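Visitor: Residue numbers (my numbering): 50 to 562. For each residue, glycine too, the CB sits at the ideal point set by N, CA and C. These numbers were taken from a predicted model, which means no experiment stands behind them. Let me give you the structure first, and then I'll get to my questions.
See below:
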C-alpha cells in the first residue's frame with residue numbers, strides 16, 4: 050500500500066523575490082520579502098511601491114525553486130541548464146517580471162545615470178521616457194529607480210510612482226505628489242492649489258540645507274494629464290527644473306512630443322531650464338529581440354523554432370510590442386496544450402496571430418494592437434455608451450467588464466484585470482475622460498466615479514470588434530489543408546513546408562486587413 054506523498058512547504062527567507070497575491074484584485078504581482086512576522090505571516094514590498102504585512106505562504110509564488118529538499122536526494126543534472134520560471138504559462142503573462150531583461154542596456158543606463166546624478170547632487174531635474182507601446186519603458190524606469198534608490202533611507206531620498214490615468218483633475222495630481230514625497234504637514238488643513246504649490250516649493254527647495262532630501266516622482270502615462278491637469282503638471286515640472294530644487298520628475302508615455310507640447314511651448318530650447326531636461330527613447334523591438342525575450346522567459350524547447358520566429362516577425366513588422374508577442378505566444382502555448390502538442394507548432398502560432406488581428410491603420414489597428422481582455426473592456430464600454438452624452442463611470446465599466454469576461458473569454462485568453470484593460474484602452478486612444486461637473490473635492494474622493502467615454506466612432510469600433518471576434522472560415526480551411534499537406538511529407542521537411550504555407554496564409558491575412 051503506497052502512502053500519499055508529503056506536501057512540501059515553501060521555505061521563505063527575507064530578501065526572496067516572489068509573485069504575491071494582491072487581495073484587492075486577486076492578481077499576483079512581483080514582490081520582495083521584507084520580514085517574517087512572529088505569527089508566521091509575511092511582510093512584503095511590491096515592485097510598484099505598495100506594501101503588505103499579513104501575507105501567507107499560500108498567497109506566494111516563488112520565482113526560484115525554494116522548496117525544501119526531498120527526503121531522497123536528487124541526482125545532479127548531467128549538464129548545466131538555464132534557470133526557468135515557474136512554468137511557461139505563468140512566465141508569458143504580462144504581469145510576470147523576469148529577474149533580468151535584455152536589449153535595453155543603453156536606455157536603462159541613461160535612466161540609471163539620471164537617478165544616480167540626482168542623488169549625488171541632491172538636485173532636481175526632469176526626464177521624459179517615451180517610445181512605442183510594449184517596449185519596456187515603465188519596467189526599466191522602475192528597475193533603475195529601485196537599483197539606485199531602493200536601499201537609500203527616506204532621510205536621504207523619497208520616491209513615489211503615480212499613474213496619470215488615475216487622476217480626474219490637476220488638484221488630485223498635486224495632492225498625490227505631496228503625499229508621495231513630502232511630509233503630512235504639507236497637506237495639513239486641506240490647502241487650495243495656490244497654497245499647496247507654495248508649500249511644495251518650500252519643501253522641495255534646497256535652500257541652505259547641507260544634505261537636502263531628494264524627492265523623486267515617477268508618472269506613468271503622463272500624457273493623460275495634459276487634458277485634465279495640464280496646468281498642474283506644468284507647475285510640477287517648473288518646480289523640478291528650478292536650479293535649487295530637490296524634486297526630480299520622471300514622465301513615461303508613448304508620444305515623443307509630450308515635453309514640447311506640455312513644457313517647451315514657451316521655453317527656448319537652449320535655455321538653462323531646458324538644459325535640465327533629458328529624454329530617453331525606446332525603439333520598437335526587432336524580431337530577433339522578441340525571440341530572445343520569449344526564450345528568456347520560457348527557455349528552449351517550448352516553441353518550435355519556426356513558430357517562435359513567425360510570431361516575432363509578425364509582431365515586429367506590425368508594432369514591435371513585446372506585450373503583444375507574449376500574449377500571442379501564451380495563446381499559442383495554451384492551444385498546443387489542448388491539442389496535446391509539444392513543442393508549440395507553426396499551426397498553433399499562426400492560429401494565435403490570426404486571432405489577435407493584423408490591422409495596420411484606422412480603428413481596427415488600434416483595436417487589433419490590444420490583447421483580448423482589452424477587447425472585452427471595449428465591448429463593455431460600447432454597451433454603456435447609450436445615454437445622451439455617451440458617458441459612463443470608471444466603476445460601471447469595471448462592473449460591465451467583469452460581467453462580459455466569462456461570456457467573451459476565448460480559448461487561450463490572457464485574462465487581465467479591469468483596471469489594466471481600461472488603461473490599455475486609454476493609452477490606445479479608444480477611451481478617454483468625459484466632461485465631469487462634480488466638484489474637485491468629490492472627484493478626488495471618488496476616483497471610481499470619474500466619467501469616461503469612447504473617443505472613436507462607435508460603429509467603427511463595433512465593426513473592428515466583430516472582425517476580430519469572427520472566425521474566418523477560408524483562412525482556417527487553408528491552414529488545415531497546409532497542416533495536412535505537411536503531415537504527408539517526410540519528417541525532415543514537414544516543419545519547413547508547414548512554415549512556408551503558414552507564412553503565406555498569415556501574410557495574405559495581413560494584406561486583407
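1. Would you mind stating whether residue 213 and residue 274 have Cβ atoms separated by less than 8 angstroms?
2. Taking C-alpha atoms, which residue in 253, 467 and 482 lies nearest to residue 452?
3. Could you pull the DSSP bridge partners for residue 501 from this structure?
4. Mapping DSSP to helix, strand and coil, what is residue 402?
5. Straight-line CA distance for residue 389 to residue 447?
6. Once you ignore the five residues that flank residue 114 on each side, which residues in its own chain have a CB closer than 8 angstroms to its CB?
7. Ignoring anything shorter than 3 residues or poking outside the region 325-407, list the beta strand (DSSP E) runs there in chain order.
8. Taking buried to mean at least 16 other C-beta atoms within 10 Å of its own C-beta, is residue 137 buried or exposed?
9. Roughly how many whole angstroms lie between the Cα atoms of residue 281 and residue 268?
10. Nearest-angstrom Cα distance between residue 66 and residue 506?
11. Counting along the chain, where does the beta strand (DSSP E) carrying residue 100 start and finish?
12. If you reduce the DSSP assignment to three classes, tell me which class residue 209 lands in.
13. If you follow the beta strand (DSSP E) that residue 264 is in, where does it begin and where does it stop?
14. Using the DSSP secondary-structure output, state which residues sit across from residue 276 in a beta bridge.
15. Give the range of the beta strand (DSSP E) segment to which residue 70 is assigned.
16. If we count the other Cβ atoms within 10 Å of its Cβ and call it buried at 16 or more, is residue 350 buried or exposed?
17. Checking contacts by CB at 8 angstroms: is residue 351 closer than that to chain B?
18. Out of 160, 511, 90 and 439, which one is the CA nearest neighbour of residue 481?
19. Closest by CA to residue 341, which one among 365, 325 and 478?
20. Compute the Euclidean distance between the alpha carbons of residue 224 and residue 96, then round it to the nearest angstrom.
21. Go ahead and pull the three-state DSSP assignment for residue 297.
22. My output table needs one value for residue 130: the three-state DSSP class, helix, strand or coil.
23. Beta carbon of residue 207, beta carbon of residue 264: below 8 angstroms?
24. Just the C-alpha distance for residue 328 and residue 276, rounded to the nearest angstrom, thanks.
25. Could you give the residue range of the alpha helix (DSSP H) that holds residue 138?
26. Taking 8 angstroms as the threshold (C-beta atoms), are residue 384 and residue 397 in contact?
27. Is it buried or exposed for residue 63, if we count other Cβ within 10 angstroms and need 16 for buried?
28. In three-state DSSP terms, what is residue 175?
29. Tell me the residue span of the beta strand (DSSP E) that contains residue 91.
30. Leaving out the 5 sequence neighbours to the left and right, which residues in its chain are closer than 7 angstroms to residue 108 when beta-carbon positions are compared?
31. For residue 236 versus residue 284, is the C-beta spacing smaller than 8 angstroms?
32. Do you know offhand how far residue 145's Cα is from residue 84's?
33. So, with DSSP's three-state summary, where would you put residue 201?
34. Ends of the alpha helix (DSSP H) at residue 152?
35. Apart from the five residues just before and just after residue 381, which ones in its own chain have a Cβ nearer than 6 angstroms to its Cβ?
36. Whole angstroms is fine: what's the gap from residue 198's alpha carbon to residue 343's?
Guide: By the coordinates alone:
1. yes
2. 467
3. 441 and 482
4. In the structure shown, residue 402 adopts helical secondary structure according to DSSP, grouped into three states.
5. 35 angstroms
6. Its pLDDT being 43, under 50, residue 114 is placed unreliably in this model, and the value from its coordinates should be taken loosely. Result list for residue 114: empty, nothing under 8 angstroms.
7. 326-331
8. buried
9. If you take the alpha carbons of residue 281 and residue 268, they lie about 13 angstroms apart.
10. 45 angstroms
11. 100-104
12. strand
13. Its beta strand (DSSP E) spans residues 263-269.
14. Bridge partners of residue 276: none, in fact.
15. Counting along the chain, the unbroken beta strand (DSSP E) around residue 70 starts and ends at 66-71.
16. exposed
17. As a matter of chain content, chain B is missing from the structure shown, which is built from one protein chain.
18. Selection 160, 511, 90 and 439 evaluated against residue 481 yields 439 as nearest (Cα-Cα).
19. 365
20. C-alpha of residue 224 to C-alpha of residue 96: approximately 22 angstroms in a straight line.
21. strand
22. Note on residue 130: pLDDT 37, under 50, position unreliable in the model; the coordinate value appears next. Of the three classes helix, strand and coil, the one that applies to residue 130 here is coil, per DSSP.
23. yes
24. 22 angstroms
25. In this chain, the alpha helix (DSSP H) harbouring residue 138 covers 137-140.
26. yes
27. exposed
28. Of the three classes helix, strand and coil, the one that applies to residue 175 here is strand, per DSSP.
29. 91-95
30. 69 and 70
31. no
32. A straight line joining the alpha-carbon of residue 145 with that of residue 84 spans about 22 angstroms.
33. coil
34. First-last for residue 152: undefined, no H or E at that position.
35. 393, 397, 398 and 401
36. The straight-line gap from Cα to Cα measures roughly 29 angstroms.
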